[in-house]
Each structure stands twice: as C-alpha cells, then as structure tokens.
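Taken in order, the sequence shown gives residues 1 to 166; the numbers are from my numbering.
Here a beta-carbon is modelled for each residue, glycine too, at the ideal position from N, C-alpha and C.
Notes to accompany the following structure.
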Amino acid sequence: MSVDALLPGGSTGLFLGTQALGLSVWLTVAVLNNGQAFRSSVGAVGATMAMAPLHQAPAIDTPLLRRAVRSPRLHQWALLIVLALQVVAAVAAWAGSYQLVLGDGLAAARPWLNLALSGFSAFVFTMLLGGLWFGYWIRQEGLQLTHLVLLVWALLAFALFNLQGA
C-alpha cells in the first residue's frame with residue numbers, strides 16, 4: 001500500500017498541510033513574541049528608526065541621518081502596525097490550515113492562505129522598506145537579509161499554494 005493511499009490528499013496534501021501549519025505556527029509565535037516582549041520590540045524598532053546603530057563607533061556620518069525618528073510614540077505605532085498585520089496573517093493562516101487539513105481542501109484553503117501570505121508580505125515589506133528608509137543596510141545587514149529571506153519564503157509559499165496543477 002502506498003503513502004498516497006493512506007493519506008487524504010496523498011503525499012502532496014501532507015506536504016501542503018505541513019507548510020500551511022508551519023506558516024501558521026511561525027506567524028503565531030511572531031505575534032506572541034511581539035506581544036509578550038512589546039517594550040523590547042519597541043526598543044528594537046526605535047533603535048532602527050532613530051538610526052542608533054549609525055552612531056556606534058566608528059560613527060557613520062551620512063545625510064540619511066536627517067531621517068532619524070526619535071519619538072517613542074511613533075516607535076510604538078510602527079510596531080503596532082506590524083503587529084496588526086501579523087495578527088491578520090496568523091488568523092488567516094490558521095483558517096487556511098484548517099480548511100486544507102480538516103476542511104474542504106486546497107480550493108477552500110487558498111483564499112485564506114493567500115490572505116495570510118498577503119499579510120505576511122505586508123508586514124515584511126513594512127520592515128524592509130522602513131529599514132531601507134532608515135539606512136539599516138549600513139549596520140544591520142543581518143536584519144535586512146532576514147527580511148529578504150522572509151519575503152522569499154512568502155513568494156515560494158504563494159507559488160506552492162497557487163500553482164498546483166498548473
């Protein structure tokens with residue numbers, strides 16, 4: 001007896017379900033981390049927005065420093081925007097995972113998964129473009145690379161969930 005005969009959706013369904021559930025868990029942990037460590041996360045966002053890494057020795061003098069935002073209130077709002085997008089993405093990912101694994105399959109899951117991936121892409125672009133504005137590539141290369149990898153993950157997941165049978 002083959003694996004495909006034992007599993008609803010076969011081995012492809014198993015892989016799709018694993019990817020959807022993995023995305024759901026990852027997004028949920030991102031929400032929990034930012035909610036539980038909100039002040040620390042605001043501090044990290046604030047450091048980037050204030051361009052603090054550029055002031056560390058050796059300081060980098062660049063005209064971009066005029067863009068620095070030192071308002072803790074704006075740092076909080078920036079994180080709240082990211083957190084709201086993360087919540088939307090996580091809830092949609094769980095709804096899509098449910099439809100995929102226990103519900104009516106990929107066709108029913110696809111709109112939810114696409115909403116999740118749109119929210120995921122939106123919060124990653126928020127961080128990526130915000131970081132670009134505040135010159136984070138100069139001293140926070142690892143953070144920029146992480147954001148780029150997350151965007152690649154979202155693109156690959158979109159292809160996985162939408163190009164079935166194409």
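Could you check how far apart the C-beta atoms of residue i and residue j are, in whole angstroms? I think they sit under 8 Å.
i: residue 85; j: residue 123; result: 4 Å
i: residue 161; j: residue 110; result: 6 Å
i: residue 103; j: residue 9; result: In fact, because the Cβ distance is near 11 Å, the residues do not count as touching under 8 Å.
i: residue 137; j: residue 144; result: 5 Å
i: residue 157; j: residue 36; result: Going by Cβ atoms, the distance from residue 157 to residue 36 rounds to 25 Å, so no, they are not a contact pair.
i: residue 43; j: residue 78; result: The pair is not a contact, with the Cβ atoms about 12 Å apart (cut-off 8 Å).
With the cut-off set at 7 Å, would you say residue i and residue j are in Cβ contact?
i: residue 75; j: residue 45; result: yes
i: residue 93; j: residue 24; result: yes
i: residue 140; j: residue 58; result: no
i: residue 83; j: residue 33; result: no
i: residue 134; j: residue 48; result: yes
Rank the options by C-alpha distance to the C-alpha of residue i and give the top, closest one.
i: residue 148; options: 26, 34, 19, 128; result: 128
i: residue 132; options: 50, 72, 41, 159; result: 50
i: residue 114; options: 72, 142, 155; result: 155
i: residue 150; options: 31, 61, 26; result: 26
i: residue 146; options: 159, 125, 16; result: 125
Just to check, is the beta-carbon of residue i closer than 6 Å to a non-hydrogen atom of the ligand SAM?
i: residue 22; result: Annotation note on the ligand SAM: not contained in the displayed structure, which lists no ligands.
**OP:** Evaluate contact between the region 82-98 and the region 113-120, counting only Cβ atoms and requiring at least three cross-stretch pairs below 8 Å.
**Re:** yes
Original post:
Is it a yes or a no for the region 61-78 touching the region 98-113, going by three-plus beta-carbon pairs under 8 Å?
Top reply: no
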